[in-house]
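Chemist: Numbering (this note's numbering), first residue to last: 6 to 239.
The beta-carbon is built from N, C-alpha and C at its ideal position, and this holds for glycine as well.
Please read all numbers here as calculations on a predicted model, not as lab measurements.
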Amino acid sequence: MSLHNTARPRWLTFDCYGTLIQWDEGLQAAVREILETKHRHDVDPARLIAVYDRHEHRLEQTAPHRSFREVAGAGLHLALTELGLPADERDVRTLTDRISAMPPFPEVVDTLQRLKEDGYRLCIVSNTDDDVIAGNVAQLGGHIDRVITAQQAGAYKPARRLFDYAHEQLGVTRDEVVHICASPHLDHAAARDIGFRCVWIDRATGRTLLPDYTPDATLSTLDQVPALFASLGW
6 MSLHNTARPR WLTFDCYGTL IQWDEGLQAA VREILETKHR HDVDPARLIA VYDRHEHRLE
66 QTAPHRSFRE VAGAGLHLAL TELGLPADER DVRTLTDRIS AMPPFPEVVD TLQRLKEDGY
126 RLCIVSNTDD DVIAGNVAQL GGHIDRVITA QQAGAYKPAR RLFDYAHEQL GVTRDEVVHI
186 CASPHLDHAA ARDIGFRCVW IDRATGRTLL PDYTPDATLS TLDQVPALFA SLGW
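This is the structure in structure tokens:
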């Protein structure tokens, strides 16, 4: 697909973590802090993150729906246990507090301001809880019009329920939105299944495309979005 010869969107929706907010960097810092408190310098933080991600994604898709804090806590407990490490409540607080404090990428705030000035309305659609993401949104310069979370929808990406809920809340059809994201596993799967337009911000983190989906455009940083849209006559 391509964005050429398609209508200018009313709303731009964004994945938060990894797209607007420095997720990988913040998660690595949280895991290093957790391992430091356990005096386990022999454990590779990347290994713990990989095991945590596996458990977290599985729990998000397991009924009944639970809050992100619950899912993150259970996923972290399972990951630590799998690696033979002790787990306690302080680990969960460290993780969720770190997530809430993660800063935006350097170009994000100025780009959001530019998009607002260009007349777009901006919404975040994220796999998290309202209170967790509040700390991140507070760092985005007041440019975000709406924040829609898994907590509100009762569902996590890549389930289409979260995006269907977002479109309903915004009062738009899928053709009136362009989604901007960094996660093929979560957001591209939903774009494939629902059919909304999607721009991939490929920040060279090693994430790869799904074998059966190609985004409508691929950019390396968010600040390339306004120029892309201008080139389309939007």
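1. Measure from the C-beta of leucine 90 to each C-beta in chain B and report whether the shortest distance is under 9 Å.
2. For arginine 45 and aspartate 96, I'd like the C-alpha separation in whole angstroms.
3. Take every Cβ of the stretch 87 to 95, pair it with every Cβ of the stretch 112 to 123, and state whether three or more of those distances are shorter than 8 Å.
4. Determine the closest residue to leucine 175 out of Cys203, Tyr125, Asn132, with distance taken between C-alpha atoms.
5. Can you confirm whether the stretch 47 to 66 touches the stretch 133 to 152 when touching is taken to mean that 3 or more C-beta pairs between the two stretches lie within less than 8 Å?
6. Would you call the stretch 184 to 195 in contact with the stretch 155 to 173, where contact means no fewer than 3 C-beta pairs closer than 8 Å?
7. Run through the stretch 82 to 160 for me and flag every whole alpha helix (DSSP H) of 4 or more residues, listed as ranges in chain order.
8. I believe phenylalanine 73 touches glutamine 156 by the beta-carbon criterion, under 8 Å. Please report the beta-carbon distance rounded to the nearest angstrom.
9. Relative to the C-alpha of tryptophan 28, which candidate in His9, Ser131, Asp49 has its C-alpha closest?
10. Just how far apart, CA to CA, sit serine 202 and arginine 208?
11. Got a sec, what are the start and stop residues for the beta strand (DSSP E) threonine 42 sits in?
12. According to DSSP, is histidine 190 helix, strand or coil?
13. Would glutamate 87 and valine 36 qualify as a contact pair, given that the criterion is a beta-carbon distance under 9 Å?
14. Helix, strand or coil: which one does DSSP assign to histidine 184?
15. In angstroms, rounded to a whole number, what distance separates the CA positions of lysine 43 and leucine 227?
16. Suppose you measure from the CA of arginine 179 to the CA of threonine 133; what does that come to, to the nearest Å?
17. Provide the residue(s) that pair with arginine 202 in DSSP beta bridges, ordered along the chain.
18. In whole angstroms, what separates the C-alpha of proline 109 from that of glycine 211?
Modeler: Reading from the atomic positions:
1. This model lacks chain B altogether; it includes just one protein chain.
2. Against the sequence shown, residue 45 aligns to sequence position 40. Against the sequence shown, residue 96 aligns to sequence position 91. Roughly 14 Å between the two C-alpha positions.
3. no
4. Taking the sequence shown and counting its residues from 1, the one referred to as residue 175 is at position 170. Answer by Cα proximity: Tyr125.
5. no
6. yes
7. 94 to 106, 113 to 122, 135 to 142, 155 to 158
8. In the sequence shown, residue 73 corresponds to position 68, counting from 1. In the sequence shown, residue 156 corresponds to position 151, counting from 1. Phenylalanine 73 to glutamine 156, Cβ: 7 Å. Contact.
9. As a first step, residue 28 is located in the sequence shown; it is residue number 23 there, counting from the start. Of the listed residues, the one whose Cα sits closest to tryptophan 28 is Ser131.
10. The count along the sequence shown starts at 1 and reaches residue 202 at position 197. The count along the sequence shown starts at 1 and reaches residue 208 at position 203. In the sequence as displayed, the identity of residue 202 is arginine instead of serine. Rounded to the nearest angstrom, the two C-alpha atoms are 19 Å apart.
11. As a working note, residue 42 is residue 37 in the sequence shown. No beta strand (DSSP E) holds threonine 42; the alpha helix (DSSP H) holding it covers 28 to 42.
12. Looking up residue 190 in the sequence shown gives position 185. Three-state DSSP puts histidine 190 in a helix.
13. In the sequence shown, the residue the question calls residue 87 occupies position 82. In the sequence shown, the residue the question calls residue 36 occupies position 31. Going by C-beta atoms, glutamate 87 is not nearer than 9 Å to valine 36.
14. Within the sequence shown, the letter at position 179 stands for residue 184. Strand, per DSSP.
15. Stepping through the sequence shown from its first residue, residue 43 is reached at position 38. Stepping through the sequence shown from its first residue, residue 227 is reached at position 222. So the alpha carbons of these two residues sit roughly 37 Å apart.
16. For the purposes of this step, residue 179 is taken as the residue at position 174 of the sequence shown. For the purposes of this step, residue 133 is taken as the residue at position 128 of the sequence shown. Distance between the alpha carbons of arginine 179 and threonine 133: 22 Å.
17. Position 197 of the sequence shown holds residue 202. In the DSSP output, where bridge partners are listed per residue, arginine 202 has Val183.
18. Locating residue 109 in the sequence shown gives position 104, counting from the first residue. Locating residue 211 in the sequence shown gives position 206, counting from the first residue. Cα to Cα, proline 109 sits roughly 20 Å from glycine 211.
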